[in-house]
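Scroll down for the structure; my scribbles are underneath it.
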Amino acid sequence: MRAAADQQRFLELLETHKRILYKVANAYCRHDEDRRDLVQEMVAQLWRSFASYDERFRFSTWMYRVAMNVAISMHRTESRRPAVALQDVDVDLTAADQMMSDDLRELHRRIARLDPMSRALILLYLDGHDHAEIAEIFGITTTNVATRMSRIRTRLQEGESR
Amino acid sequence: MNLEAMKEQWSAHDALLERSIRIQINTLRASGPALRRLQWLLWWEIFTSAILVVLLGSFLADHITEVKYALPGAALHVSAIALLGFGIHQLVMLRTDYDAPVVQLQKRLETLRTYRIRATQVALLTGPLLWVPALLVFLKGVFGINPYEIFEMRWILGNIAFGLVFIPLMIGLARKVASRLEGATWFRRIVNDLAGKTMNDAVAFLADLDGLAR
Chain A
15 MRAAADQQRF
25 LELLETHKRI
35 LYKVANAYCR
45 HDEDRRDLVQ
55 EMVAQLWRSF
65 ASYDERFRFS
75 TWMYRVAMNV
85 AISMHRTESR
95 RPAVALQDVD
105 VDLTAADQMM
115 SDDLRELHRR
125 IARLDPMSRA
135 LILLYLDGHD
145 HAEIAEIFGI
155 TTTNVATRMS
165 RIRTRLQEGE
175 SR
Chain B
17 MNLEAMKEQW
27 SAHDALLERS
37 IRIQINTLRA
47 SGPALRRLQW
57 LLWWEIFTSA
67 ILVVLLGSFL
77 ADHITEVKYA
87 LPGAALHVSA
97 IALLGFGIHQ
107 LVMLRTDYDA
117 PVVQLQKRLE
127 TLRTYRIRAT
137 QVALLTGPLL
147 WVPALLVFLK
157 GVFGINPYEI
167 FEMRWILGNI
177 AFGLVFIPLM
187 IGLARKVASR
197 LEGATWFRRI
207 VNDLAGKTMN
217 DAVAFLADLD
227 GLAR
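Each protein sequence line maps, in turn, to chains A and B. To convert, take the position in the first sequence, counting from 1, and add 14; that gives the numbering used here. To convert, take the position in the second sequence, counting from 1, and add 16; that gives the numbering used here.
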């Protein structure tokens, strides 16, 4: 049984960084119900992994890593919604969606056409992470990040699908 | 589309997200519904495989000197052990730290996925081949009946030969229909597994991950 203080701390951190869940869910899901499912899975996995979170490191970096791993693996297994959805987490992203400009919507459409790993990379780039931070999250070299980012930028700017 | 300009719009939208997203946590669980389903499935597979290993091992021990029973018994026993091994391996890999670096974890999970695809292929393709040995072992093991007195050897060998022919037929058929299937995800997934489509996809993804990691 996890200490109540642990839970409280986790919930506070999650509330502060909930935008990460929205951005990752948007990048990997097109439908509302799929986004809600993914958010549920991400929250569950974040809680499961919270015991191993080292507070010396930025929570947002750790959270991105877990969230992206969940999103990519769900995307890869083509999981569908369960027949009876468990309401562990109530999610309402409507207001956030309505505030998006047309340009941003177009950007999201182009991101949705990228492969799963490229979506994760561009998400971190747009969020202002530098190559070193992206490399740390991915466990790869900054050179590889730079090479891949260059290809992704070209693809997005030309509006090409993979 | 100017990506640098988009970064500014992205930041501006990001600043509004704090107030506009509502995520209310009703119950804090350590696993989501998808993971729980998979864990239950794996435990069920391990349980049934373990029972089969014990029962078939016992049958094999009882009939080790009789080739006509030992051979089918051994074939089924090996299959059951392989199933059990697969199940345990997958359960171990499922206890994975999702806070591991993305490329490292995705390689691990995708490798696990290839094991599942391979297990599905083997189970579906060897099913028609193994049903005759299963029938022989079942009749002898459960009812004590000599199945060779009921079924002619020609019939038995004919069915085994049919099972062998069935394998390439199944693969060919799966490849033909795979791209046209709509509807139930689980059925489409099985057909895609048989056709090799999901394995090709998994191999391509692993190659992409290797490219990132080099």
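For every residue, glycine included, the Cβ atom is placed at its ideal position computed from N, Cα and C. None of these values were measured; they are calculated from a predicted model.
Residue 73 of chain A and residue 27 of chain A look like a contact to me (Cβ under 8 Å); what is the Cβ gap, rounded to whole Å? 5 Å
Chain B residues whose Cβ lies nearer than 7 Å to that of residue 110 of chain A: 33, 36, 37
Check whether the Cβ of residue 78 of chain A lies closer than 7 Å to any heavy atom of the ligand NAP, and answer yes or no. What this structure holds is no ligand at all, so the ligand NAP is not there to describe.
Could you spell out where the beta strand (DSSP E) holding residue 106 of chain A opens and where it closes? 103-106
Proximal residues, the segment 154-170 of chain B versus chain A, C-beta separation under 9 Å: none
When Cβ atoms are compared, which residues of the segment 98-111 of chain B fall closer than 8 Å to chain A? none
I believe residue 93 of chain B touches residue 125 of chain B by the beta-carbon criterion, under 8 Å. Please report the beta-carbon distance rounded to the nearest angstrom. Actually they are not in contact, since the Cβ atoms of residue 93 of chain B and residue 125 of chain B sit about 31 Å apart, beyond 8 Å.
Give the C-beta separation of residue 41 of chain A and residue 166 of chain A to the nearest angstrom, bearing in mind that I take them to be a contact with Cβ-Cβ under 8 Å. That belief does not hold up - the Cβ atoms of residue 41 of chain A and residue 166 of chain A are roughly 12 Å apart, past 8 Å.
Anticipated Cβ contact below 8 Å, residue 145 of chain B with residue 180 of chain B, distance rounded: 7 Å
Would you mind working out which of B:211, B:37, B:53 sits nearest residue 30 of chain A, comparing C-alpha positions? B:37
Residues near residue 99 of chain A in its chain [Cβ-Cβ closer than 6 Å; skip 5 each side]: Its pLDDT being 46, under 50, residue 99 of chain A is placed unreliably by the model, and the measurement read from it follows with that caveat. Once the five neighbours on either side are set aside, residue 99 of chain A has no close Cβ partner at all.
When the distance is taken between beta carbons, is residue 96 of chain B closer than 8 Å to residue 65 of chain B? yes
Who are the near neighbours of residue 137 of chain B in its chain, counting only those whose CB is closer than 7 Å to its CB and skipping five residues on each side? 209, 210
Just the Cα atoms here: how many angstroms apart are residue 35 of chain B and residue 127 of chain B? 40 Å
Tell me, which residues are paired with residue 41 of chain B by DSSP? A:103
Are the C-beta of residue 121 of chain A and some C-beta of chain B separated by less than 8 Å? yes
Taking the C-alpha atoms as reference points, what is the distance between residue 263 of chain B and residue 147 of chain B? As shown, chain B starts at 17 and ends at 230. That puts residue 263 of chain B outside it, with no answer to give.
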